[in-house]
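Numbering (the numbering used here), first residue to last: 10 to 181. Here the structure comes first, spelled out in C-alpha cells, and everything after it is commentary.
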C-alpha cells in the first residue's frame, strides 16, 4: 500500500512540475503577424540635425521556435556600408495576454517595447525614453501592393509628435 501511495505521489508531483503548453495560443496570436515574414527592400529617411538622410533599407523576417517567436533583422546601408543594424524579437506572452517586443542594436543597446495590433496589417510599437520623452512607430502593410509603410515619431511630452523616420519597403 505504501508503494502505491509513493508511486501516486511521485507521478502527480512529476505531472505538476511540467509547464503548461501555451504554444497553441501563442501560435494563433502570432499568426496575425504572418504577412511580415519574408524579405523586404526599400528606403528609410531619417531626420538628422543636418536634415533628412535617406538610406537603403532591408528587413529580413522569419519565424523561430516553431512559429512562437518572430525574428526581425533590419539593415540600413549607405554607399554599401551598414549605417544601421537592428534585431528584434516579437512574441505573445500568454500570462499578460500582450505582445512583447525586444530590440537589439549593433551598438550594443537593447530596448523593451510595447507592441499592439491596431487592426489587420496595422501595428504600433514604441517605448518611453529613460531621460524623458516617448518614441512610437506605426507600421501599415498592404498585401495587395506588397508594401510596408512605417512612420516613426518622437514626443518630448506625449502631446507633440515629430517625425523621426519614414520607411517605404516592398516585399520581395
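Here a beta-carbon is modelled for each residue, glycine too, at the ideal position from N, C-alpha and C.
Item, Value
"For the stretch 26-93, which segments carrying the beta strand (DSSP E) assignment without a break, of at least 3 residues, lie completely within its bounds, in sequence order?", "47-57, 60-73, 78-87"
"Could you tell me the distance, in whole angstroms, from the CA atom of residue 82 to the CA atom of residue 168?", "31 Å"
"To the nearest whole angstrom, what separates the beta carbons of residue 64 and residue 85, a pair I think is in contact under 8 Å?", "4 Å"
"Which one or two residues does DSSP pair with residue 7 in a beta bridge?", "The chain is shown from 10 up to 181; residue 7 falls before or after that span and cannot be answered."
"Kindly identify the DSSP beta-bridge partner or partners of residue 117.", "Answer is none; residue 117 lacks a bridge partner."
"Using CA coordinates, which residue listed in 138, 113, 150, 116 is at the minimum distance from residue 131?", "150"
"For residue 104, name the three-state secondary structure that DSSP assigns.", "coil"
"With a 10 Å radius around its C-beta and 16 neighbouring C-beta atoms as the bar for buried, classify residue 178 as buried or exposed.", "buried"
"Taking residue 172 as the reference, which of 166, 154, 145, 180 has the closest Cα?", "145"
"Could you please give the first and the last residue of the uninterrupted beta strand (DSSP E) stretch that includes residue 134?", "131-137"
"Give me whichever residues DSSP pairs with residue 179 in a beta bridge.", "50, 156"
"Taking the alpha carbon of residue 69 as the reference point, which residue from 110, 135, 95, 165 has its own alpha carbon closest?", "95"
"Quick check: the stretch 123-138 against the stretch 108-115, are at least 3 beta-carbon pairs closer than 8 Å?", "yes"
"Cβ atoms of residue 30 and residue 181: under 9 Å apart, would you say?", "no"
"Do residue 101 and residue 122 have their CB atoms nearer than 9 Å?", "no"
"Using the Cα positions of residue 118 and residue 152, report the straight-line distance between them to the nearest angstrom.", "32 Å"
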